[in-house]
Amino acid sequence: MNCPIAKELSKDPARHFPSYGIYKNLKPEKIEERKEFIKLINNQKEVDLYSFPNFFVGEYAYPNPLAGYMMTSENLIGNPRGWYGKSLEEFIFERSMSLRAKEKMNVNDYELQLSSASTKPLYLEATTSKQISVEKQKQDIIEPSGFSGLFEKVKVLSNYTVPKKVENIIDDKIKVSEALPEFIENGFDNYYFQNLLSAGLLGKEKKLVPTKWSITASDDLIAKQLLDNIRHYDQIDSIKFFENEYLDNHFGIIILPGPFSYEQFETLESSGTSSQEYEYYKGRKKYASKQGGGYYAARLPVCEYLDKIKKQARVIMVREIGPAYTVPVGVWEVRENVRNALEKQPLTFNSLNDLKTFMKARFVRSQETLKKSILASQLTLAKAWF
């Protein structure tokens, strides 16, 4: 993967600091809460905690990876939709209050997998013959992930509920692409679908899929399913603009008349380092390597929006990353940032020139970024804008 933004951020010393740099500024009650959590899991042979459920599968040693549940205390159960709105410090604190209970699994191991389809939180027991030690685990914050422990057995102690329609899909040995419409039609979101895909509950072979792969695969598969509808809708007839900012990630979404096409820019405000990815009406054939999962995470809510309003359009996504975004939290931030933007009332512009003037006052690098736009250059009025 060749992501210029990720490379520059990884070299920035301001984005590599030990966890105590965050934790020392916590309120006293939060510091005490974290100490109690560490006491609960450190030097233990058995740990009983909750999970959303949040099933994860590692990339290493595949097809016999380390896999299991992200476990936490009952009051911190949640999924990415619930994370949106939290401060960076709050998010890092909550992630630090989690334990990845890992065990060696075979890609065809079905014992724990079905429970990941539960729509209710799980109460889990993780056991090992050797005490796990988390006190010395480094939690330098490059990407917050909490503690981890290798267990011999993880089992579900609580009852769990799997929707009947989902049970039927799991029981059917059909391709993931064939099962997907059922999830969309019945209102299950991408996080639920991704969890099942990672846990090996979908597809003909029912194999575990590394979590990192399953996140992008889910975003891509769902968007493509929606695009099958979008390409048959009428084109939007006006210029619309949506905007949102969260965790110093500033998004501007330009909706223009025309057949579906999508272009995304990511730019660092401080240095101007940027990347550009795009696709035309028929879609991409190659992975968006310059932006990785962020490209697919932003495109999904755009497709959800277009399908909702029953229109197709040219879409230009502008993302500016500010200096306060010191810790990458994952592509959920991109997805939920864009979703929240598209839930607002859009601004409507009579001309591209008016939109240019508006964006110049709102985005630090918008002018130099959008001069590179392939989709805008296709428009009749592009010269007037650029």
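Numbering follows the numbering used here, in which position 334 of the sequence shown is assigned residue number 318; successive positions increment by one, without gaps.
Quick reminder that beta carbons are idealized off the backbone N, C-alpha and C, glycines included.
Buried versus exposed, by CB contacts within 10 Å (16 or more), residue i
i	result
residue 358	exposed
residue 291	buried
residue 331	exposed
residue 170	exposed
residue 87	buried
residue 216	exposed
residue 350	buried
residue 159	exposed
residue 157	exposed
residue 155	exposed
residue 66	exposed
residue 179	buried
residue 218	exposed
residue 48	exposed
Euclidean distance between Cα positions of residue i and residue j
i	j	result
residue 236	residue 135	45 Å
residue 221	residue 334	11 Å
residue 162	residue 257	40 Å
residue 57	residue 44	27 Å
residue 125	residue 337	Residue placement at residue 125 is poorly supported in this model, since its pLDDT is 45, which falls under 50; the coordinates still yield a value, given next. Whole-angstrom Cα-Cα distance: 42 Å.
residue 81	residue 16	12 Å
residue 210	residue 24	45 Å
residue 360	residue 228	21 Å
residue 97	residue 42	14 Å
residue 354	residue 247	10 Å
residue 386	residue 270	This structure gives no information on residue 386, because the portion of the chain shown stretches from -15 to 370.
residue 268	residue 11	47 Å
From the options, residue whose alpha carbon lies closest to that of residue i
i	options	result
residue 380	147, 312, 342 and 324	Because the chain spans -15 through 370 in this model, residue 380 falls outside it and cannot be assessed.
residue 110	140, 104 and 231	140
residue 116	224, 327 and 22	22
residue 132	51, 233, 354 and 159	51
residue 181	353, 326, 302 and 39	39
residue 266	310, 231 and 212	212
residue 61	84, 34 and 144	34
residue 27	219, 47, 18 and 114	114
residue 31	240, 72 and 85	85
residue 107	339, 138, 79 and 276	138
residue 36	148, 99 and 71	99
residue 73	83, 272, 144 and 14	14
residue 143	48, 102 and 158	102
residue 214	243, 71, 112 and 48	243
residue 59	259, -5, 148 and 18	18
residue -8	296, 176, 68 and 274	274
residue 259	152, 130, 304 and 10	304
DSSP three-state assignment for residue i, whether helix, strand or coil
i	result
residue 206	helix
residue 83	strand
residue 363	coil
residue 350	helix
residue 96	coil
residue 358	helix
residue 104	coil
residue 225	strand
residue 111	strand
residue 218	strand
residue 135	coil
Beta carbon proximity, residue i to chain E, threshold 8 Å
i	result
residue 64	Note that chain E does not occur in the displayed structure, where there is just one protein chain.
Distance cut-off 7 Å: residue i Cβ against heavy atoms of the ligand GDP
i	result
residue 150	Only the bare structure without any ligand can be found here, which leaves the ligand GDP out of the picture.
Length at least 4, wholly inside the segment 250 to 334: the alpha helix (DSSP H) runs in chain order: With a minimum length of 4 residues, the continuous alpha helix (DSSP H) runs that stay inside the segment 250 to 334 are 277 to 293 and 316 to 326.
Contiguous alpha helix (DSSP H) assignments of at least 4 residues, all confined to the segment 147 to 204: 148 to 155, 160 to 169 and 174 to 182, all fully within the segment 147 to 204.
Minimum length 4: unbroken alpha helix (DSSP H) runs contained in the segment 3 to 74: With a minimum length of 4 residues, the continuous alpha helix (DSSP H) runs that stay inside the segment 3 to 74 are 4 to 7, 12 to 25 and 64 to 67.
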